[in-house]
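Student: Below: one structure in structure tokens.
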Amino acid sequence: MVSIISTARIPAAVCSLTATSLGSALGSVATHPILRYSGKYCRRHVQLQRRNEENMPGIFGIVDPAAHGELRNKAAQKMAQSLLHYPRYQWAVKQSSAATMGVVHLGITSWQQACSVVSSADGRYQLAFEGELFNVAELQHALAGDQEEDSMPASPLHFVLHLLIRSGPAALPRFNGLFQLAFWDNLKQQLLLAGDRIGLRSLYLAHQGERLAFAPEVKALLTLPWVSRAIDTNGVMQFLQYGNVLGDRTFFREVQFLPGGCYAIHHRGRLSIARYWGINFEGESKLELKTAQERFVELWQQVIRRQTEDVGRLRMGVLLSGGLDSRLILSGCVAQGRKLPTFTMGDPESLDVRLAKKTATAAECRNLFVPIAAESFLQGMERVVYLTDGMFNCFHAKVKHLLQTAAAARQMVPAQRSLSVVPRPVCA
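Structure follows, in structure tokens:
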């Protein structure tokens, strides 16, 4: 299978340079041979994408102390069925006295073995986890000398459970990756929900009295009879005006989005949401320009190295456009001696595609081009709208074209195993 290194997410440590210094630091690497085709470098404020464009599987569940366990399980299974979009998807579910939690996952990456629902030895705690943590080894090493630690679980999933039992929400800032998790305390009857720092895994909530439901897609929540389908007109107007739904809104009044870097706690009918991580762009950096440039390059190389090492049996490629972000990713890979195949989608005559092809040539990397013509763009759009709950601008909906790229990539990256596209963002 191929792991596609997709659109770059600005590393957290890099963002600490502040937007001004980051722009200056990026300017220094814009003269790299692979990057020189931009013509001119435009300094812009860093914007974090709030929601993942290609809806992915994830965690789901229901907290309902008054419901009979069998009825709650049937409702959870119905939610899972709405998330099984392809035959290869896998899912798991577990129940307790008041909650049922599950995971739907792709079933194709090395970390997917850790995407499941597990319980503590005494049965008090349950964890549903989907995604990937990049710094498990670092966390395990940091805790190795802790006198309070007798022994630490070897598996990543049980290690996450161990940290949440020990520290609760205070453990979240230490998690570095793209993920979503649900942590249930059966004794306190309390649920902790969280996503990664910048919301690369969408997580939606519906809350009514003692009941709470959560899922990675709105359609799963709408399978529950107690979740109203009343339209949030403000959410609809935001989408029509800005091409996206902002804040925690959706198209439905009783369904809300959990923003990136935030966690939610549901305890005996009360729902509270707090932020555990954020970026501060206020104020000027105290770093000199040259220091900021050197620091950026150091951090960027560190992130690229981490994201391209220890990928197991995955075959890697770069989703390449003419934009600065993907060219930075490719330049970082080439600087470390990795000549990866590249994949480009778009209008054959567009400047974006021409720059991508020139970039691949300069990097001496193969490039697979998948054209997106006006007459073919509408094909399958209904399916794309369904997969994304209709809340993503169709201009950015590239799901079916990404699948075409995966099919064609079999000829570029031969292997004995079947090929699948697995986005692996650059994220620190």
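Going by my numbering, the sequence shown opens with residue 131, and the numbers climb by one from there. C-beta: ideal position from N, C-alpha, C; glycine also. It should be emphasised that the depicted structure is a prediction, and the values quoted were computed from it without experimental measurement.
1. Looking at C-alpha atoms only, which residue of L388, G373, G520 and P478 is the closest neighbour of G452?
2. Flag this pair as yes or no: are the beta carbons of L237 and A210 separated by less than 8 Å?
3. Thinking just about the alpha-carbon of each residue, which of P217, H397 and G191 is nearest to the one in L559?
4. Using beta-carbon positions only, say whether L323 and Y393 come within less than 8 Å of one another.
5. In terms of residues, what are the limits of the alpha helix (DSSP H) holding C495?
6. Using the rule of at least 16 other Cβ atoms within 10 Å of the residue's Cβ for burial, across every protein chain shown, is Q437 buried or exposed?
7. Measure the CB-CB distance between A228 and P195 and report whether it falls below 8 Å.
8. Pick out whichever of R398, L351, W430 and R435 has its Cα sitting closest to the Cα of Q207.
9. In three-state terms, what does DSSP make of M231?
10. Alpha carbon to alpha carbon, what distance is there between L508 and V266?
11. State the CB to CB distance for the pair L333 and L388, rounded to an integer number of angstroms; the pair is presumed to be in contact (CB under 8 Å).
12. In whole angstroms, what is the alpha-carbon distance linking Y372 and N364?
13. Is N203 helix, strand or coil by DSSP?
14. Taking the Cβ atom as the reference point for each residue, do L308 and L401 lie within a distance shorter than 8 Å?
15. Across which residues does DSSP place H396 in a beta bridge pair?
16. Mapping DSSP to helix, strand and coil, what is D362?
17. Would you check if the region 484 to 499 and the region 509 to 518 touch, i.e. whether three or more CB-CB distances between them fall below 8 Å?
18. Taking Cβ to Cβ, would you say F305 is nearer than 8 Å to L370?
19. State buried or exposed for N410, treating a residue as buried only when at least 16 other CB atoms are found within 10 Å of its CB.
20. Under 8 Å between the Cβ atoms of V234 and L257?
21. Go ahead and label P355 buried or exposed: buried means 16 or more other beta carbons lie within 10 angstroms of its beta carbon, across all protein chains shown.
22. With distances taken from CA atoms, which of V448, R425 and S456 is nearest K469?
23. Kindly identify the DSSP beta-bridge partner or partners of H337.
24. For H162, name the three-state secondary structure that DSSP assigns.
25. What's the C-alpha gap between F426 and L417?
26. Tell me which same chain residues have a C-beta within less than 8 Å of the C-beta of H397, skipping the five on either side of it?
27. How big is the Cα-Cα spacing for V193 and L291?
28. Using the DSSP secondary-structure output, state which residues sit across from K224 in a beta bridge.
Tutor: Per the coordinate set shown:
1. Of the candidates L388, G373, G520 and P478, the one whose C-alpha sits nearest the C-alpha of G452 is P478.
2. Looking at the sequence provided, one finds Gly at residue 237 rather than Leu. Going by beta carbons, G237 and A210 fall outside the 8 Å limit.
3. Missing from the structure shown is residue 559; the chain here goes from 131 to 558 and no further.
4. Going by C-beta atoms, L323 is nearer than 8 Å to Y393.
5. Element bounds for C495: n/a, residue is neither H nor E.
6. Taking a 10 Å sphere around the C-beta of Q437, we find 16 or more other C-beta atoms and assign the residue as buried.
7. Going by C-beta atoms, A228 is nearer than 8 Å to P195.
8. Considering only alpha carbons, the answer is L351.
9. Three-state result, M231: strand.
10. Distance between V266 and L508, taken at the CA atoms: about 42 Å.
11. That pair is a contact at about 4 Å.
12. Each residue's Cα considered, the two are about 12 Å apart.
13. Annotated three-state conformation of N203 is helix, per DSSP.
14. At a Cβ-Cβ threshold of 8 Å, L308 and L401 do not count as neighbours.
15. L321 and L401.
16. D362: coil per DSSP, three-state reduction.
17. Result no; under three Cβ-Cβ pairs closer than 8 Å.
18. It is not a contact, given that the beta carbons lie outside the stated cut-off.
19. Taking all protein chains shown into account, N410 has fewer than 16 neighbouring C-beta atoms within 10 Å of its C-beta and is therefore exposed.
20. It is not a contact, given that the beta carbons lie outside the stated cut-off.
21. Counting C-beta atoms within 10 angstroms of its own C-beta, P355 has fewer than 16 neighbours from the protein chains shown and is therefore classed as exposed.
22. For the residues V448, R425 and S456, the minimum Cα distance to K469 belongs to V448.
23. Paired residues: L342.
24. Here H162 scores only 38 on pLDDT, less than 50, and its place in the model should not be relied on; the value that follows carries that caveat. Correct three-state label for H162: coil.
25. A direct Cα-to-Cα measurement between F426 and L417 gives close to 11 Å.
26. Within the same chain, H397 has close Cβ partners K318, Q319, Q320 and L321.
27. Each residue's alpha carbon lies about 19 Å from the other.
28. As a beta-bridge residue in DSSP terms, K224 pairs with M231.
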